[in-house]
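Q: Residue numbers for the sequence shown follow the numbering used here, so the first one is 223 and each next one is one higher.
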Amino acid sequence: MIARSVALAAALCLAPGLGLAQEPAKEDMPVVPVNGMKKPEMRNYRAAWAGFEAFDKHRALAPAASLHFRMISRNPSAAAPIDGVELKIVGDDESIPVPIAADGKFTLPRVQAAYDSDALLVLNRKQGLLRAMPDIHTPGLPENARRLGDLRLECQVLVAVVKEEIPFMVNALINSVLLTRDWCNKDKMEIGFRAPRAPKSATLVHGDRKKEIRVIENEFVAPLGDAAWPDDALIELTFEKPEA
223 MIARSVALAA ALCLAPGLGL AQEPAKEDMP VVPVNGMKKP EMRNYRAAWA GFEAFDKHRA
283 LAPAASLHFR MISRNPSAAA PIDGVELKIV GDDESIPVPI AADGKFTLPR VQAAYDSDAL
343 LVLNRKQGLL RAMPDIHTPG LPENARRLGD LRLECQVLVA VVKEEIPFMV NALINSVLLT
403 RDWCNKDKME IGFRAPRAPK SATLVHGDRK KEIRVIENEF VAPLGDAAWP DDALIELTFE
463 KPEA
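#1: Could you check the C-alpha separation between P452 and R369 for me, to the nearest Å?
#2: Is it right to say E245 is buried, meaning 16 or more other beta carbons lie within 10 angstroms of its own, or is it exposed?
#3: To which residues of the same chain is D448 closer than 7 Å at the C-beta, ignoring the five residues directly before and after it?
#4: According to DSSP, simplified to helix, strand and coil, what is G362?
#5: Could you pull the start and end residues of the beta strand (DSSP E) that D357 belongs to?
#6: What span of residues does the alpha helix (DSSP H) with V379 cover, start to end?
#7: Mapping DSSP to helix, strand and coil, what is V399?
#8: Could you give the residue range of the alpha helix (DSSP H) that holds A341?
#9: Contact defined as beta carbons within less than 8 Å: I believe V307 pairs with I322. What is the distance between those atoms, to the nearest angstrom?
#10: Quick one: is E462 buried, meaning 16 or more other Cβ sit within 10 Å of its Cβ, or exposed?
#11: Can you find the residues in the same chain that come closer than 7 Å, C-beta to C-beta, to V438, ignoring five residues on each side of it along the sequence?
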């Protein structure tokens with residue numbers, strides 16, 4: 223199980239969240255200047271489209287939720303510097319700005335023309351500083367609670383993006399290690415998720431059942447592959463410090 227978890231973690235690190243983390247995969251990717259920045263974050267819009275399709279396919283995991291994303295720092299212990307951050311969908315003949323809220327949250331539009339023209343997602347920040355992650359929340363839950371089905375759906379969206387970006391041989395290798403193409407639903411699979419701030423503890427709750435789960439720095443480890451816990455189970459977080 224350790225090897226399988228490491229394999230999945232390695233794959234997710236290769237192209238984390240909309241791929242805003244690496245050099246473009248295509249050698250012929252055009253140079254898009256951004257405020258004089260030589261190497262801005264830049265990835266393919268089609269990878270995000272794969273995330274859209276995964277959200278639609280697995281919507282039953284969180285039927286009341288919508289698909290959003292959140293820009294976060296690649297450093298787990300640091301807050302994301304959102305001031306002045308701009309994201310655009312850049313195609314052959316158009317540039318579509320994507321508004322980012324003060325908390326880093328944004329909604330990426332589905333634009334068929336951008337998909338057809340193999341448009342780029344361009345961020346006005348140097349590579350390696352920020353990444354965009356799926357952010358799926360069923361309405362009505364308290365700030366310190368995450369629904370397990372929401373997290374399972376976030377994983378499906380993220381993995382779809384990753385599979386679109388990583389090389390075929392890497393994809394095949396992960397499939398062989400996990401013994402499945404459904405990385406998120408692998409038996410006993412556990413994945414770390416970023417908490418709003420450093421969690422002191424995390425408890426999985428459903429009815430009268432409770433189970434303490436691990437916390438690591440600013441993340442909690444969710445048992446996505448444990449079928450004994452339904453999608454409506456909640457992870458309740460307690461925090462080291464009150465929110466400022």
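By construction, the Cβ of each residue, glycine as well, lies at the ideal position given by its N, Cα and C atoms.
These numbers come from a predicted model, not from an experiment.
A: Short version:
#1: On the sequence shown, residue 452 is found 230 positions in, with the first residue counted as 1. On the sequence shown, residue 369 is found 147 positions in, with the first residue counted as 1. If you take the alpha carbons of P452 and R369, they lie about 10 Å apart.
#2: Taking the sequence shown and counting its residues from 1, the one referred to as residue 245 is at position 23. The predicted position of E245 is uncertain, since its pLDDT is 38 and thus under 50; a value taken from the coordinates is nonetheless stated next. Counting Cβ neighbours within 10 Å, E245 comes out exposed, since fewer than 16 surround it.
#3: Walking along the sequence shown from the start, residue 448 turns up at place 226. The beta carbon of D448 lies closer than 7 Å to those of K410 in the same chain, with the five residues before and after it left out.
#4: For the purposes of this step, residue 362 is taken as the residue at position 140 of the sequence shown. Here G362 sits in coil by DSSP.
#5: In the sequence shown, the residue the question calls residue 357 occupies position 135. From DSSP, the beta strand (DSSP E) with D357 extends over L352 to D357.
#6: Reading the sequence shown from its first residue, position 157 is the one you call residue 379. Counting along the chain, the alpha helix (DSSP H) containing V379 begins and ends at L370 to E387.
#7: If you number the sequence shown from 1, residue 399 lands on position 177. The answer is helix: DSSP assigns V399 an H, G or I state.
#8: Translated into positions along the sequence shown, residue 341 becomes position 119. Here A341 belongs to no alpha helix (DSSP H), and DSSP marks it neither H nor E.
#9: Position 85 of the sequence shown, counted from the start, is the residue given in the question as residue 307. Position 100 of the sequence shown, counted from the start, is the residue given in the question as residue 322. With a Cβ gap of about 6 Å, V307 and I322 count as contacting.
#10: As a position in the sequence shown, residue 462 is number 240, starting the count at 1. E462 is exposed by the Cβ-count criterion.
#11: Start at 1 with the first residue of the sequence shown, and residue 438 comes out as number 216. The sequence given here has Ile at residue 438, not Val. Residues of the same chain with a CB within less than 7 Å of the CB of I438, apart from the 5 flanking positions on each side, are G414 in chain order.
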